[in-house]
Amino acid sequence: MADLGNTSELESELIKRNREIAKVRDEVLKAERRLEDAQMRNDDLLEKVAELDAEVTTKSKRISDLDEKAQVLQQKVVAKEEQIQMLHKEHAEQLQSLRTEFEAGDASRAEDIAKMDELRAQVDGLQSEKEELKGRIEEEKLKHLNTQASLERAEAGTREAAGRVVEHTRRLKELEDELKEKEEGLSAAQARQLEEERGKMGDEIQRITAVMEEHRAVREDLEGQAK
Numbered sequence: 001m002a003d004l005g006n007t008s009e010l011e012s013e014l015i016k017r018n019r020e021i022a023k024v025r026d027e028v029l030k031a032e033r034r035l036e037d038a039q040m041r042n043d044d045l046l047e048k049v050a051e052l053d054a055e056v057t058t059k060s061k062r063i064s065d066l067d068e069k070a071q072v073l074q075q076k077v078v079a080k081e082e083q084i085q086m087l088h089k090e091h092a093e094q095l096q097s098l099r100t101e102f103e104a105g106d107a108s109r110a111e112d113i114a115k116m117d118e119l120r121a122q123v124d125g126l127q128s129e130k131e132e133l134k135g136r137i138e139e140e141k142l143k144h145l146n147t148q149a150s151l152e153r154a155e156a157g158t159r160e161a162a163g164r165v166v167e168h169t170r171r172l173k174e175l176e177d178e179l180k181e182k183e184e185g186l187s188a189a190q191a192r193q194l195e196e197e198r199g200k201m202g203d204e205i206q207r208i209t210a211v212m213e214e215h216r217a218v219r220e221d222l223e224g225q226a227k
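In terms of UniProt numbering, the sequence shown has 123 at position 123, counting the first letter as 1, and numbering is strictly consecutive.
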């Protein structure tokens, strides 16, 4: 019985040890997986570091190139400033020379300036005269356009009046012919009515003829103005 108890204890101990071993093995596997993950992350980081190193190298080269260009531009700026200073100096010398020359020939210069002022005044006068003439020309053009429009209206009125004269003349001729045909059979009242109509038609023709004469006079006047 003692042996059986020892065996049971050994089995329990063995089971316990196996569980511990399994647990340790599981922890080892987890540690290996974590290690693999860490190695993968490390590889990614190494790749990113390599990319960053390449980018840093490229940007460092770019910075170096920009520094060189900046130095070249700075040299150009310095050279341009020196050139500007020289030009300022030459300009000042030229101004001084001109001032000296002007002061030396002051009387002659004053005479030249007076002549220039006189010529400028003449030019201004001619310019004013030119502007005045332009205004007159525009005014005459406007008058001509207005006259032309009035002439066209007068001609239209004349044509209309002439048409009315032709129509009334035709109507008067018809009435006269009708009067001649019916004169024998008309009563005294009808004859008077027909005569009155003929008189009214004659008066209308005379009125229209007078209007035409008036239009003709206006047109001739407008044509004279247009010339």
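In this text, a Cβ means the ideal position worked out from N, Cα and C, and glycines have one as well.
Note to self: Only counting the same chain, and skipping five residues up and downstream in sequence, which positions put a Cβ closer than 7 angstroms to that of Ala-70?
What the structure shows: Taking the sequence shown and counting its residues from 1, the one referred to as residue 70 is at position 70. The beta carbon of Ala-70 sits closer than 7 angstroms to no other beta carbon from its chain once the five residues preceding and following it are set aside.
Notebook entry, point to check: Roughly how many whole angstroms lie between the Cα atoms of Ser-12 and Glu-32?
Noted result: Translated into positions along the sequence shown, residue 12 becomes position 12. Translated into positions along the sequence shown, residue 32 becomes position 32. Between the alpha carbons of Ser-12 and Glu-32 lies a gap of roughly 30 angstroms.
Checklist line | Distance between Glu-27 and Glu-20 (C-alpha atoms, nearest Å) | finding: As a position in the sequence shown, residue 20 is number 20, starting the count at 1. As a position in the sequence shown, residue 27 is number 27, starting the count at 1. Rounded to whole angstroms, Glu-20 to Glu-27 spans 10 angstroms at the Cα level.
Item checked: Backbone CA spacing between Gln-96 and His-88 [nearest angstrom] -> Mapped onto the sequence shown, residue 96 falls at position 96. Mapped onto the sequence shown, residue 88 falls at position 88. Rounded to whole angstroms, Gln-96 to His-88 spans 12 angstroms at the Cα level.
Check: Is the closest heavy atom of the ligand GTP to the C-beta of Met-86 under 6 angstroms?
Finding: Looking for the ligand GTP in the displayed structure turns up nothing, as the structure carries no ligands at all.
Check: Alpha carbon to alpha carbon, how far is Glu-160 from Leu-133?
Finding: On the sequence shown, position 160 is the one that residue 160 refers to. On the sequence shown, position 133 is the one that residue 133 refers to. Computed Cα separation, rounded: 40 angstroms.
Note to self: With a threshold of 6 angstroms on Cβ separation, who are the neighbours of Ala-22 within its own chain once the five nearest residues in sequence on each side are excluded?
What the structure shows: By one-based count along the sequence shown, residue 22 stands at place 22. So no residue of the chain qualifies.
Next item on the list: Pull up the distance between the alpha-carbon of Val-77 and that of Gln-94, whole angstroms please.
Entry: Sequence index remark: in the sequence shown, residue 77 carries index 77 (1-based). Sequence index remark: in the sequence shown, residue 94 carries index 94 (1-based). Taking the straight line joining both Cα atoms gives about 25 angstroms.
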